[in-house]
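K.L.:
When the letters of the sequence shown are read in order and numbered with the working numbering, they come out as residues 2 to 430. Pasting a structure below so you can have a look.
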Amino acid sequence: MHHFAYRDGSLHAEGVDLERIAAEVGTPVYVYSTATIERHYKLFEAAVKQAAPAGKAHVFYAMKANGNLGVLKTLGALGAGIDTVSEGEVRKALAAGIPAERIVFSGVGKSEQELRFAVEAGIYQVNIESESELNLLSKVASQLGKRQEAVFRVNPDIGAGGHAKITTGSSENKFGVSFEEVGRLYARAANLPGVRLMGLAVHIGSQIREIDAFEAAYAKMVALVGELKDEGHRVERLDLGGGLGIPYDIPREFDYGPGLIEAYAAMVGRVTKGLDVELGFEPGRLIVGNAGILLTRVLHLNPRPTKQFLVVDAAMNDLVRPAMYEAYHEIWPVAEPADGAATTAYDVVGPICETGDTFTAGRALPALKQDDLIAFMTAGAYGASMSSTYNQRPLVAEVMVKGDAYAVTRPRQSYEELIGTDRLPGWFG
Ligand code: LLP
């Protein structure tokens, strides 16, 4: 379920007409619904808390999906922790008022500087992905006179996900320490001064809609927890990652409710039953995916002998998922189409100078004309957060809606900001 719907013939985000946002903020613009973000977070948190042994579960929203400060603040107010993957993300979580003790730091390539920043800030947990990182973390923390709580991210050799580029759990993928190595590394870590090992983490991929893949990986992790405990190690935490998928092909009136979340939580409960650990979760897409849209305006219609091109003002630099993962996003016209309106097959493309800048080919849409507004649906996750300035296009604006109010939570980048950060080499005089 989400809070984008037609009212009086025009698509609204909660109580705000998207026509109005386009007129006042310009296009392209991302628009996020506070109510949808809150709903998904609460649903997920309640479900996993209920499923976790003794109700001990912590949710760390994966901010890589959408790092807008307003989004982080909204989730922080609900008690969310944050899963980060860079110093920039740790800093942004702190800037959003998230307490350091609710921040997890993941990622295969943390630098010494990044680890130092995180340890100094006093974050809750570092998810260690290699022996080399273990050594570096211990060195950095002991230099600071600290002992950092950490878990090993394990590669379970079970990958899954909506696309090869977003599968992480296969042994062929770069992530985590291998299953066979964990025991030895755990024992080594006990002798290192700067690290306190608290448990394990796993994350097998993204946009996963089959519970079975999660279950297989989690069962392996639970067995590993048992083995490590038998060897006398402290294992108090099991971070089960993110990756739960969402429907991108949403019929207009369909309320897909909490079905998949419930199935996932029930499976987690089944697999971890009786285990004496605190569970962690790192959902990203699930929380913000369908809480956001990318609003764009039709610039030109370009009929050609075999195709009808619809050139819009958003491009692959603003929403790269179709170009990068062949991802599908629903397209809804902002002006509500009449029931049974005739459709035309459009290739919807952006202004960028490469053929990859194609959002969709041959999509049946109601007839559109120059200046019409359309919305790319389900663009709240990995939309703005993956945007760039390719072709010297300013980063798009972001807007949050709450009820009948909206606020620009990131103004469109100005041309001064876009160009003014370059520096000419001194030899130009
Ligand atoms: N935890 C870790 C360690 C991760 O690497 C990720 C995502 C998550 C949590 C959150 O996963 P989620 O719940 O959002 O699936 N740009 C791609 C998705 C990349 C996901 C990367 N890792 C896309 O647009 O589909």
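Ideal Cβ positions, reconstructed from N, Cα and C, are used throughout, including at glycine. Owing to the predicted nature of the structure, the values given are computational and were not obtained by experimental measurement.
1) Give the DSSP-derived three-state secondary structure of residue 329 in the structure shown.
2) Near residue 216, what residues of its chain come up, given a Cβ to Cβ distance below 7 Å and the 5 sequence neighbours on each side ignored?
3) In angstroms, rounded to a whole number, what distance separates the CA positions of residue 401 and residue 345?
4) With H, G and I counted as helix, E and B as strand and the rest as coil, what does DSSP make of residue 271?
5) Should residue 78 go down as buried or exposed, given a rule of 16 or more other Cβ atoms within 10 Å for buried?
6) Could you check if residue 149 is buried or exposed, using at least 16 other CB atoms within 10 Å of its CB as the buried criterion?
7) Along the beta strand (DSSP E) that carries residue 75, what are the first and last residues, could you check?
8) Within a Cβ cutoff of 7 Å, which residues of the same chain sit near residue 303, ignoring the five residues on either side of it in sequence?
9) Could you pull out every unbroken beta strand (DSSP E) segment of at least 3 residues lying fully inside the region 9-39, listed in chain order?
10) Does the Cβ-Cβ distance between residue 156 and residue 178 come in under 8 Å?
11) Below 8 Å between beta carbons: does that hold for residue 48 and residue 262?
12) Determine the burial state of residue 291: buried for a count of at least 16 other Cβ atoms within 10 Å of its Cβ, exposed for fewer.
13) With residue 298 and residue 24 assumed to form a contact (beta carbons below 8 Å), what rounded beta-carbon distance in angstroms separates them?
14) Tell me which same chain residues have a C-beta within less than 8 Å of the C-beta of residue 264, skipping the five on either side of it?
15) At a cut-off of 7 Å, is residue 322 close to the ligand LLP when judged by its beta-carbon and the heavy atoms of the ligand?
16) Can you look up residue 265 in the DSSP assignment and give me helix, strand or coil?
17) Any heavy atom of the ligand LLP closer than 7 Å to the CB of residue 159?
18) Kindly say whether residue 344, judged by its beta-carbon, lies nearer than 8 Å to any beta-carbon of chain B.
19) Do the region 132-140 and the region 160-173 touch if we need at least three Cβ pairs shorter than 8 Å?
20) Taking DSSP as the reference, what is the three-state secondary structure of residue 176?
21) In whole angstroms, what is the alpha-carbon distance linking residue 125 and residue 5?
22) What is the C-beta distance between residue 35 and residue 403, in whole angstroms, given that I count them as a contact (C-beta under 8 Å)?
23) When the Cα of residue 94 is compared with those of 318, 67 and 250, which residue comes out closest?
24) Return yes when at least one heavy atom of the ligand LLP lies under 7 Å from the C-beta of residue 403, else no.
25) Quick one: grab the DSSP three-state call for residue 319.
26) Which runs of the alpha helix (DSSP H) at least 4 residues long sit entirely within the region 276-303? Give them in chain order.
27) Suppose you measure from the CA of residue 180 to the CA of residue 285; what does that come to, to the nearest Å?
28) Count the other CB atoms, across all protein chains shown, that sit within 10 Å of the CB of residue 194; report buried if there are 16 or more and exposed otherwise.
29) Give the DSSP bridge partners of residue 200, in chain order.
30) Among all the DSSP beta bridges, which residues are the ones paired with residue 3?
31) Please determine, among 243, 63 and 133, the residue with the shortest C-alpha to C-alpha distance to residue 206.
32) Find the nearest neighbour of residue 422 within the set 338, 390 and 337, judged by alpha-carbon distance.
33) Under 7 Å from any heavy atom of the ligand LLP, does the C-beta of residue 319 make it?
34) Measuring only from the beta carbon, is residue 131 closer than 7 Å to any heavy atom that is part of the ligand LLP?
35) Using only the alpha-carbon positions, how far apart do residue 260 and residue 142 sit?
36) Tell me, please, whether the region 52-68 touches the region 377-384 by the rule of three or more beta-carbon pairs shorter than 8 Å.
P.N.:
Result, derived from the coordinates:
1) Position 328 of the sequence shown holds residue 329. Three-state result, residue 329: coil.
2) Locating residue 216 in the sequence shown gives position 215, where the first residue counts as 1. The beta carbon of residue 216 is closer than 7 Å to those of 268 and 272 in its chain, skipping five residues each way along the sequence.
3) Taking the sequence shown and counting its residues from 1, one reaches residue 401 at position 400. Taking the sequence shown and counting its residues from 1, one reaches residue 345 at position 344. So the two alpha carbons sit approximately 32 Å from each other.
4) The count along the sequence shown starts at 1 and reaches residue 271 at position 270. It is helical.
5) In the sequence shown, counting from the first residue as 1, residue 78 sits at position 77. Classification for residue 78: exposed.
6) Taking the first residue of the sequence shown as 1, we reach residue 149 at position 148. Its Cβ being crowded by 16 or more others within 10 Å, residue 149 is buried.
7) Against the sequence shown, residue 75 aligns to sequence position 74. From DSSP, residue 75 is part of no beta strand (DSSP E) but of the alpha helix (DSSP H) over 70-78.
8) One-based indexing of the sequence shown puts residue 303 at position 302. The answer, listed in chain order, is 310 and 312.
9) Listed in chain order, the complete beta strand (DSSP E) runs (minimum 3 residues) inside the region 9-39 are 11-14 and 30-34.
10) Here residue 156 corresponds to residue number 155 of the sequence shown, with the count starting at 1. Here residue 178 corresponds to residue number 177 of the sequence shown, with the count starting at 1. Residue 178 sits close to residue 156, with the two beta carbons spaced by under 8 Å.
11) If you number the sequence shown from 1, residue 48 lands on position 47. If you number the sequence shown from 1, residue 262 lands on position 261. The answer is yes: Cβ separation under 8 Å.
12) Residue 291 sits at position 290 when you count from the first residue of the sequence shown. Buried, because 16 or more other Cβ atoms sit within 10 Å of the Cβ of residue 291.
13) Residue numbering aside, residue 298 sits at position 297 when the sequence shown is read from its first letter. Residue numbering aside, residue 24 sits at position 23 when the sequence shown is read from its first letter. Incorrect: roughly 10 Å between the Cβ atoms, too far for contact.
14) As a first step, residue 264 must be located in the sequence shown, where it is residue number 263. These residues qualify, in order along the chain: 212.
15) The residue you call residue 322 lines up with position 321 of the sequence shown. The beta carbon of residue 322 sits closer than 7 Å to at least one heavy atom of the ligand LLP.
16) Along the sequence shown, read from residue 1 onward, the residue named residue 265 stands at position 264. Under the three-state reduction of DSSP output, residue 265 falls in the helix class.
17) The count along the sequence shown starts at 1 and reaches residue 159 at position 158. The ligand LLP has no heavy atom closer than 7 Å to the beta-carbon of residue 159.
18) Any reference to chain B falls outside this structure, which holds one protein chain only.
19) With the cut-off at 8 Å, the region 132-140 and the region 160-173 do not touch.
20) What you label residue 176 is simply residue 175 of the sequence shown in a count that begins at 1. It is coil, neither helix nor strand.
21) In the sequence shown, counting from the first residue as 1, residue 125 sits at position 124. In the sequence shown, counting from the first residue as 1, residue 5 sits at position 4. Their backbone Cα atoms lie some 36 Å apart in a straight line.
22) Position 34 of the sequence shown, counting from 1, holds the residue named residue 35. Position 402 of the sequence shown, counting from 1, holds the residue named residue 403. Indeed they touch by this definition, with Cβ atoms about 4 Å apart.
23) The residue given as residue 94 occupies position 93 in the sequence shown. That would be 67, whose Cα lies nearest to the Cα of residue 94.
24) Position 402 of the sequence shown, counting from 1, holds the residue named residue 403. Distances taken from the Cβ of residue 403 to the heavy atoms of the ligand LLP include none shorter than 7 Å.
25) Numbered from its first residue, the sequence shown carries residue 319 at position 318. If DSSP states are grouped into helix, strand and coil, residue 319 belongs with coil.
26) Listed in chain order, the alpha helix (DSSP H) runs fully inside the region 276-303 are 286-289, counting runs of at least 4 residues.
27) Looking up residue 180 in the sequence shown gives position 179. Looking up residue 285 in the sequence shown gives position 284. Distance between the alpha carbons of residue 180 and residue 285: 25 Å.
28) The residue given as residue 194 occupies position 193 in the sequence shown. Burial call: exposed.
29) As a working mapping, residue 200 is identified with position 199 in the sequence shown. DSSP output for residue 200 lists 152 and 238 as bridge partner(s).
30) Along the sequence shown, read from residue 1 onward, the residue named residue 3 stands at position 2. Paired residue(s): none; residue 3 is not in a bridge.
31) Within the sequence shown, numbered from 1, the residue matching residue 206 stands at position 205. Out of 243, 63 and 133, 243 has the C-alpha closest to the C-alpha of residue 206.
32) Translated into the one-based positions of the sequence shown, residue 422 becomes position 421. Restricting attention to 338, 390 and 337, the CA atom closest to the CA of residue 422 is found in 390.
33) On the sequence shown, position 318 is the one that residue 319 refers to. No, the ligand LLP has no heavy atom inside 7 Å of this Cβ.
34) Your numbering for residue 131 matches position 130 in the sequence shown. False, no ligand heavy atom lies under 7 Å from that Cβ.
35) By one-based count along the sequence shown, residue 260 stands at place 259. By one-based count along the sequence shown, residue 142 stands at place 141. For residue 260 and residue 142, the distance between alpha carbons rounds to 43 Å.
36) Yes, the region 52-68 touches the region 377-384.
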